[in-house]
Amino acid sequence: LQFTEEKLGQAEKTELDAHLENLLSKAECTKLWTEKIMKQTEVLLQPNPNARIEEFVYEKLDRKAPSRMNNPELLGQYMIEAGNEFGPGTAYGNALIKCGETQKRIGTADRELIQTSAINFLTPLRNFIEGDYKTIT
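So in our numbering, spot 82 of the sequence shown is number 101, and the numbers just go up one at a time.
Below, the structure is given as structure tokens:
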């Protein structure tokens, strides 16, 4: 009621303490920067916007996105297959197999980085935006 009367000009605006105004300003600034950092981290972890949208849709539907190989894993798989076709006994085939196995390990590490970052970094930021910030303001 007070807010409505203030907006209609029928009541004086309630003046907030300068310290409270400062705290609210800091909270808003923190929220804005947290949102920017969160969005840019998501872009870094998944640069493909179509894949991000797909993950978002699956998350909202409470379903798990289908698992597919990432680029390093796929390259590693192709290298291993080519190496086996050329023959592990040949220098080229052996090199392809070793490089392919390394690429697959890089892909696995990349996948673990994404999962760990999402759980340990993005989730607390999202909890702040959706929970703590709403409590503050």
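Ideal placement from N, C-alpha and C gives every residue a C-beta, glycine not left out.
Short Cβ contact (9 Å threshold) for residue i with residue j
i    : j    : result
E92  : R130 : yes
Q59  : G95  : no
I133 : I116 : no
G119 : M88  : no
G106 : A114 : no
For residue i, the three-state DSSP class (helix, strand or coil)
i    : result
T109 : coil
E121 : Here the sequence assigns Thr to residue 121, which means Glu is not the residue at that position. Of the three classes helix, strand and coil, the one that applies to T121 here is helix, per DSSP.
D36  : coil
D81  : coil
S86  : coil
Q96  : helix
N67  : coil
T142 : helix
T53  : helix
L127 : One detail in the question is off: residue 127 reads as Thr in this sequence, not Leu. Here T127 sits in helix by DSSP.
T156 : coil
C-alpha gap between residue i and residue j, whole angstroms
i    : j    : result
M57  : I155 : 19 Å
I148 : A128 : 29 Å
K153 : N146 : 10 Å
P143 : K55  : 14 Å
L51  : N90  : 33 Å
V62  : G112 : 36 Å
P66  : I72  : 11 Å
F140 : N69  : 22 Å
Nonlocal neighbours in the same chain, by C-beta distance under 8 Å from residue i, ignoring five residues either side
i    : result
I138 : none
S136 : T60 and L64
E104 : G112
Closer than 9 Å to chain B by CB, residue i
i    : result
G106 : Absent from the structure: chain B. Only one protein chain is present.
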